[in-house]
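K.L.:
Handing you this structure, nothing more for now.
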Amino acid sequence: MLVNFDLTTIWAFIIAFAIFAYVVMDGFDLGIGILFPAFEVGHGRNRAMNSIAPVWDGNETWLVLGGGGLFAAFPLAYAVILPATYPLVIAMLLGLVFRGVAFEFRWRDDAHRKFWDAGFSFGSFVAALAQGMILGALLQGIEVTNRAYSGSWWDWLTPYTLLTGVGTVAGYALLGACWLVWKLDGEVQDRARRLARWATVATVLLMGAVSLYNLGLRPEYADRWLSAPEIYYALPVPILTAVVTVALLGSLKAARHSKPFWLALALFFFGMAGLGVTMWPYVVPPGLTIWDAAAPERSQVFMLVGVAITMPLIIGYTAWAYWVFRGKVGAEGYH
Numbered sequence: 207m208l209v210n211f212d213l214t215t216i217w218a219f220i221i222a223f224a225i226f227a228y229v230v231m232d233g234f235d236l237g238i239g240i241l242f243p244a245f246e247v248g249h250g251r252n253r254a255m256n257s258i259a260p261v262w263d264g265n266e267t268w269l270v271l272g273g274g275g276l277f278a279a280f281p282l283a284y285a286v287i288l289p290a291t292y293p294l295v296i297a298m299l300l301g302l303v304f305r306g307v308a309f310e311f312r313w314r315d316d317a318h319r320k321f322w323d324a325g326f327s328f329g330s331f332v333a334a335l336a337q338g339m340i341l342g343a344l345l346q347g348i349e350v351t352n353r354a355y356s357g358s359w360w361d362w363l364t365p366y367t368l369l370t371g372v373g374t375v376a377g378y379a380l381l382g383a384c385w386l387v388w389k390l391d392g393e394v395q396d397r398a399r400r401l402a403r404w405a406t407v408a409t410v411l412l413m414g415a416v417s418l419y420n421l422g423l424r425p426e427y428a429d430r431w432l433s434a435p436e437i438y439y440a441l442p443v444p445i446l447t448a449v450v451t452v453a454l455l456g457s458l459k460a461a462r463h464s465k466p467f468w469l470a471l472a473l474f475f476f477g478m479a480g481l482g483v484t485m486w487p488y489v490v491p492p493g494l495t496i497w498d499a500a501a502p503e504r505s506q507v508f509m510l511v512g513v514a515i516t517m518p519l520i521i522g523y524t525a526w527a528y529w530v531f532r533g534k535v536g537a538e539g540y541h
């Protein structure tokens with residue numbers, strides 16, 4: 207579990223940060239789409255969509271950074287993961303595209319608004335499910351021979367990947383519900399708070415199920431969590447996850463506004479920390495470490511200069527957008 211902070215490790219943490227930023231930012235967008243059928247047709251759905259209208263497309267910047275960074279910093283991993291998950295990647299991209307089209311057209315095509323509402327919800331669900339299944343396909347292991355993917359077209363479809371896919375859908379629904387608790391008021395907020403309670407329970411149960419499944423998935427995963435001294439590094443993750451879960455349920459019961467969302471982000475953070483503990487130092491389990499898949503050192507240095515310039519700009523304009531549109535969305539649909 208010792209971490210050697212060389213250039214390759216720095217890049218691994220950069221990509222992990224970009225993925226985390228995408229998951230928590232676009233996650234609540236997708237979560238609102240997943241929960242869309244639970245809200246009142248018309249006023250309720252309009253307010254929910256207006257809460258993300260100023261920021262939803264910018265949130266996907268992190269997906270580009272994460273995917274582009276993986277291609278540039280770990281080209282071998284990119285070349286293995288994509289062929290192993292092509293159907294899921296295609297489904298994810300189609301879901302994101304259809305969700306984006308539905309988002310825009312529902313405001314401009316009143317005659318078919320029901321269709322676009324359904325498209326927004328379906329696209330969000332498909333994208334979330336595909337992302338979770340991609341994670342599951344990676345964790346369960348990808349067959350590599352001579353530095354190339356050597357598995358079949360359907361290796362990604364297993365009970366484990368379905369479990370991680372459903373867990374991701376539940377987690378995104380939790381983020382979306384907590385975002386609406388923060389940004390809305392009145393009846394829509396009350397509905398979102400009730401949905402957030404159910405989503406919290408579902409997310410934690412599914413996280414626990416995936417964690418237990420991991421112990422029997424690969425021997426090295428069990429060693430990370432059950433053998434000394436690794437267990438001493440890993441043990442704080444489930445303990446802190448339990449603490450955050452209790453605090454999240456308490457904040458929802460106490461009718462807090464912004465606190466549930468931040469606690470939901472903390473829950474995702476510890477979930478990703480657990481995944482990091484499980485996988486480290488592999489980027490493609492069970493055979494490729496981050497050093498096996500890394501680009502040449504000169505390439506990493508060159509890209510690091512670019513990231514040092516672009517990432518602060520992305521963080522800056524993202525923070526500015528959220529600051530400008532801070533506060534609640536009123537009943538008339540405006541911040």
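Numbering-wise, this note's numbering puts 420 at position 214 of the sequence shown, and it's gapless, one number per residue. Ideal Cβ placement from N, Cα and C applies to all residues, glycine included.
With a CB to CB cut of under 6 Å and the five nearest residues on each side skipped, what residues in its chain are close to Met478?
P.N.:
Numbered from 1 along the sequence shown, position 272 holds the residue referred to as residue 478. Result list for Met478: Phe226, in chain order.
K.L.:
Please report the straight-line C-alpha distance between Phe311 and Val535, rounded to a whole angstrom.
P.N.:
Start at 1 with the first residue of the sequence shown, and residue 311 comes out as number 105. Start at 1 with the first residue of the sequence shown, and residue 535 comes out as number 329. Phe311 and Val535: Cα-Cα distance of roughly 21 Å.
K.L.:
Shortest alpha-carbon distance to Tyr378 belongs to which of Ile238, Ala434, Val530 and Thr351?
P.N.:
Position 172 of the sequence shown holds residue 378. Answer by Cα proximity: Ile238.
K.L.:
Look at the alpha carbon of Leu441 and the alpha carbon of Thr451, and state the distance between them as a whole number of angstroms.
P.N.:
Here residue 441 corresponds to residue number 235 of the sequence shown, with the count starting at 1. Here residue 451 corresponds to residue number 245 of the sequence shown, with the count starting at 1. So the two alpha carbons sit approximately 16 Å from each other.
K.L.:
What does a CB cutoff of less than 7 Å around Ile220 pick up in its chain, not counting 5 residues either side in sequence?
P.N.:
Translated into positions along the sequence shown, residue 220 becomes position 14. Only Gly275 and Val513 meet the Cβ criterion.
K.L.:
In this structure, what does DSSP give as the bridge partners for Ala334?
P.N.:
Residue numbering aside, residue 334 sits at position 128 when the sequence shown is read from its first letter. The partner list for Ala334 (beta bridge, DSSP) is empty, contrary to what the question assumes.
K.L.:
Taking its Cβ as the centre, do 16 or more other Cβ atoms sit within 10 Å of Ile445, making it buried, or is it exposed?
P.N.:
Position 239 of the sequence shown holds residue 445. The residue is exposed, with fewer than 16 neighbouring Cβ atoms inside 10 Å.
K.L.:
Looking at the structure shown, is Val489 part of a helix, part of a strand, or coil, going by DSSP?
P.N.:
Within the sequence shown, the letter at position 283 stands for residue 489. Three-state DSSP puts Val489 in a strand.
K.L.:
In whole angstroms, give me the CA-to-CA distance for Pro293 and Leu341.
P.N.:
Taking the first residue of the sequence shown as 1, we reach residue 293 at position 87. Taking the first residue of the sequence shown as 1, we reach residue 341 at position 135. Rounded to the nearest angstrom, the two C-alpha atoms are 13 Å apart.
K.L.:
For Ile521, count neighbouring Cβ atoms within 10 angstroms of its own Cβ and tell me buried if that reaches 16, exposed if not.
P.N.:
Residue 521 sits at position 315 when you count from the first residue of the sequence shown. With fewer than 16 Cβ atoms within 10 Å of its Cβ, Ile521 is classed as exposed.
K.L.:
Thr351: buried (16+ other C-beta within 10 angstroms of its C-beta) or exposed?
P.N.:
Within the sequence shown, the letter at position 145 stands for residue 351. Exposed.
K.L.:
Would Leu213 and Gln506 be called neighbours here (beta carbons separated by less than 8 Å)?
P.N.:
As a working mapping, residue 213 is identified with position 7 in the sequence shown. As a working mapping, residue 506 is identified with position 300 in the sequence shown. Yes, the Cβ-Cβ distance between Leu213 and Gln506 is below 8 Å.
K.L.:
Sort Asn265, Trp362, Val286 and Ala376 by Cα distance to Val489 and report the nearest one.
P.N.:
Position 283 of the sequence shown holds residue 489. Of Asn265, Trp362, Val286 and Ala376, the residue nearest in Cα terms is Val286.
K.L.:
Measuring CA to CA, which of Thr367, Ser356, Phe242 and Ala336 is closest to Ala343?
P.N.:
Looking up residue 343 in the sequence shown gives position 137. With distances taken between Cα atoms, Ala343 lies closest to Thr367.
K.L.:
Which residues does DSSP list as the beta-bridge partners of Val350?
P.N.:
Locating residue 350 in the sequence shown gives position 144, counting from the first residue. Its beta-bridge partners are Tyr355.
K.L.:
So Glu246 is in the alpha helix (DSSP H); what residue range does that whole segment cover?
P.N.:
As a position in the sequence shown, residue 246 is number 40, starting the count at 1. Segment: none, Glu246 is in no alpha helix (DSSP H) and carries neither H nor E.
K.L.:
In or out: Thr516 buried (at least 16 other Cβ within 10 Å) or exposed?
P.N.:
As a working mapping, residue 516 is identified with position 310 in the sequence shown. Result: exposed.
K.L.:
Do three or more CB pairs link the region 387–403 to the region 413–424 at distances below 8 Å?
P.N.:
The region 387–403 is not in contact with the region 413–424.
K.L.:
Of all the CB atoms in chain D, is at least one closer than 8 Å to the CB of Val410?
P.N.:
Given the protein chain composition of this structure (a single chain), no chain D is represented.
K.L.:
Tell me whether Thr291, by its Cβ, gets closer than 7 Å to a heavy atom of the ligand SAM.
P.N.:
What this structure holds is no ligand at all, so the ligand SAM is not there to describe.
K.L.:
Would DSSP call Leu390 helix, strand or coil?
P.N.:
Mapped onto the sequence shown, residue 390 falls at position 184. Looking at Leu390 - three-state DSSP - the assignment turns out to be coil, as it is neither helix nor strand.
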